[in-house]
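See below for the structure under consideration.
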Amino acid sequence: MAGKPPTGDPVQDAPDVTAPQHAAAGLPAVAHSLRMAHQQMGARRTALTLLKVNQKDGFDCPGCAWPEPDKRHAAEFCENGAKAVAEEATLRRVTPDFFARHTVTDLAGRSGYWLGQQGRLTQPMYLAEGSDTYEPVTWERAFGIIAEDLAALDSPDEAVFYTSGRTSNEAAFLYQLFAREFGTNNLPDCSNMCHESSGSALSETIGIGKGSVLLEDLYKADLIIVAGQNPGTNHPRMLSALEKAKRGGTKIITVNPLPEAGLERFKNPQNARGLAGGGTALTDLFLQIRLGGDQALFRMLGRLVLETEGAVDTTFVDEHTHGFEDFRRTALTADWDETLKATGLSRAEIEQALAMILASKRTIACWAMGLTQHKHAVPTIKEVVNLLLLRGDIGRPGAGVCPVRGHSNVQGDRTMGIFERPAPAFLDALEKEFGFTPPREHGLDVVRAIRALRDGQAKVFFAMGGNFVSATPDTDVTEAAVRRARLTVHVSTKLNRSHVVTGARALILPTLGRTERDRQASGEQFVTVEDSMGMVHASRGGLKPASPHLLSEPAIVCRLARRVLGDASPTPWETFEQDYGTIRDRIARVIPGFEDFNARVARPGGFTLPHAPRDERRFPTATGKANFTAAPVEYPHAPEGRLLLQTLRSHDQYNTTIYGLDDRYRGIKNGRRVVLVNPDDARELDLADGSYADLVSEWTDGTERRAAGFRVVHYPTARGCAAAYYPETNVLVPLDHTADTSNTPASKSLVVRIERTERTD
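Start counting the sequence shown at 1; every next residue gets the next number (full-length UniProt numbering).
Next up, the structure:
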């Protein structure tokens, strides 16, 4: 029956394991999408809602940030997008009666999957100090509680304002404005945990921390390199773009420690070939690289290009780049033996990749967390840029860098000023527009915020969306740190673990979702988002809100600001709440590229933000040119008897949201506590397929971090490497094990030992 949540946590017996699949999507994806949507929404609501996803007059999918084509299919969504929409538009409700039946202690013992399945939050809830039960509270009282705790701080920097990537441009702009008017740059966000390494590397090398390609460029490319990414689960609509590129003659190189079904073959559910036929083979060359070996691979490819007569675009290099000679001298010393050791690849495989690169006149490099979450992530991405610069592959159609973002507006949030290290020019513009002096001292990112909470230096934690304690590293340390806060506040649509790991006091503030109508004093509103390629467009929900007690995110920020800042604030918070167009007018005057924002976003499909390297071959770096770099090559090492572990998502998952207990493409059913190990490694470590083990990470601080009770699955991973799902394995990631420069948790290169144990449920 639609709308009925599970009453008890599902019992996970021994996972049922079959061989991994070699094709993604097709009829199974359609069936699974519709089944889950019907369970959550019912038949009529499913039809009304899914046909509005990613349409020009509809709402932006709350899942990934992949862009939409100009000409859109009636069903412009993927399987995981349908799951995300179904969970937001669900008929299930979490009411005050639910909290009366379940203490916080009870809820803390439930799985994240069970918590999320209970449905939409309907009313503000308050956990008083010393209490074990959330109770309903009015919005006025909720804002009063927050204002009391903020006023009691010794410094504004004792407050942390976290942001999830699903927040709209309007809400994000208001949120950072409130935090800075309050007096702090403590604005950590989920970018700190994913593509911060991309932003750091690209800002230094090409001058803008965003990708340089548009969707149309993929169709024009001769070669697309997909490194450290699994589009079939994490960005499924990307497969449609890759399929279209393949039909136009594009070649694809996949670089990844795991074979992924979506990159092997795609059965597009939007056409007959995908539904009834064999689909489209996507990957031309699969380089099954060892975890963390990507920098060594791209460095060697750079050396080989340098050694090939006529392969370097000398005109581009001479006119548009800086640092070439230093790079050339360093790259020519790349060692074959060291490269093969770092990558686990053969010389023939690397030479085959070189041949494809040399044959290409237009190459795009795409990547995701498999590159960004290593200690040496930033120099790795710089090495990708080096290769493209050698070939002149930035600033022309069909070529460039393409970091593929996760949450649907994570890139837009950063554009709107959600950043703990804001540029002086941005702060100058805020000061000129709003008449207050923003703080100039850099604030806290995610890792530093956890340390500040742990050490008692941060006392109020406010989260605009997300599931902070499940998304962050070093779970035990993080949860203990959060519990030290005086007050924790979460603006959310659904229940998650962050609501039951609280400070001395806690608030849950329920908000509208993307799928719902947003009516304010001036009439019905819309919000805007920016996709992974810098396209800005409108999003309009059409469903009746899940509860009359819900407020939109912009309304929550505006009312909180009025309560905390009072009449002394120069900002027209009440006007902003009544009419979001007035927010966009101010954005247009503060942020370059948003001039005439309201008029431009009113056009169907929105508009493209300017990108100097792409549009003009102009590179706004410190040197005024695109920068070659020559960092030492690094890669992680695992001692004998140990493996390198990467944390990853299952197919029934989006970030920390668990939709189910299956990973269809990897052949895992009814279980998440599995560790995927190469059969040869497993035999050497005496790990039988189906045996159980504890995962223990080893790091320089000597602390034992253990994740217990994982079923060993023999799986075709790269030798010396293993994989397991997060958030279950976040406990293994040391808080201080982070990428140089970006400070992103290094979740993809953990040294672990796997200890045999008896099966535990």
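From the three backbone atoms N, C-alpha and C, an ideal C-beta is built for every residue, glycine too.
Note that this is a predicted model, so its numbers are computed, not measured.
Residue 394: not part of any alpha helix (DSSP H); DSSP gives it neither H nor E.
Two segments are said to touch when three or more pairs of C-beta atoms, one from each, lie closer than 8 Å; by this definition the region 409–424 does not touch the region 77–89. It is roughly 12 Å from the alpha-carbon of residue 89 to the alpha-carbon of residue 52. In this structure, 496 is the residue among 496, 561 and 754 with its C-alpha nearest to the C-alpha of residue 111. Here residue 411 is not near residue 744, since their CB atoms are 8 Å or more apart.
In this structure residue 628 is in contact with residue 323, their Cβ atoms being roughly 4 Å apart against a cut-off of 8 Å. DSSP places residue 725 in the uninterrupted beta strand (DSSP E) bounded by 721–725. For residue 750, the uninterrupted beta strand (DSSP E) run begins and ends at 750–757, by DSSP.
Looking only at 486, 441 and 287, the smallest Cα-Cα distance to residue 454 is reached by 486. Distances from the CA of residue 23 to each of 726, 562, 268 and 516 were compared; the closest alpha carbon is that of 268. A residue is called buried when at least 16 other Cβ atoms come within 10 angstroms of its Cβ; residue 35 does not meet this threshold and is exposed. For residue 492, there is no enclosing alpha helix (DSSP H); the enclosing beta strand (DSSP E) covers residues 487–492.
Per DSSP, the unbroken alpha helix (DSSP H) holding residue 143 starts and ends at 139–151.
Measuring C-alpha to C-alpha distances from residue 73 to each of 64, 63 and 56 identifies 56 as the nearest. Counting along the chain, the unbroken beta strand (DSSP E) around residue 694 starts and ends at 692–697. Of the other Cβ atoms in all chains shown, fewer than 16 fall within 10 Å of the Cβ of residue 152; this residue is therefore exposed.
The C-beta distance from residue 655 to residue 377 rounds to 19 Å, too long to fall under 8 Å, and the pair is not in contact.
In the structure shown, the three-state DSSP call for residue 267 is strand. By the CB criterion at 8 Å, residue 643 and residue 681 fall inside the cutoff. Under the three-state reduction of DSSP, residue 64 is assigned to strand.
Shown here, residue 23 sits in coil according to DSSP, grouped into three states, outside any helix or strand. Distance check between residue 179 and each of 169, 191, 170 and 160 places 160 closest, using alpha-carbon atoms only. When secondary structure is reduced to three states using DSSP, residue 567 falls in the helix class. Here residue 509 is actually not in contact with residue 527; their C-beta atoms are around 17 Å apart, not less than 8 Å.
Straight-line spacing of the CA atoms in residue 636 and residue 734 works out to 15 Å.
The Cβ-Cβ distance between residue 281 and residue 265 falls below 8 Å.
In the same chain as residue 122, and ignoring 5 residues on each side of it, the C-beta atoms closer than 7 Å to its own belong to 93, 94, 95, 510, 546, 547 and 549, in chain order. DSSP, read as helix, strand or coil, puts residue 418 in coil. The secondary-structure analysis by DSSP pairs residue 367 across a beta bridge with 227 and 403. Counting along the chain, residue 295 sits inside the alpha helix (DSSP H) bounded by residues 294–307. From the listed residues 679, 684, 678 and 708, the smallest Cα separation to residue 692 is found for 708.
Its chain contains 156 as the residues whose beta carbon lies nearer than 6 Å to that of residue 182, once the 5 sequence neighbours on both sides are disregarded; these appear in chain order. The C-beta separation of residue 390 from residue 310 comes to about 12 Å, leaving the pair out of contact by the 8 Å criterion. Rounded to the nearest angstrom, the Cβ distance from residue 661 to residue 10 is 7 Å, consistent with a contact under 8 Å. Residue pairing from DSSP places residue 543 in a beta bridge opposite 516.
By the Cβ neighbour-count rule, residue 355 is exposed, with fewer than 16 other Cβ atoms within 10 Å of its own.
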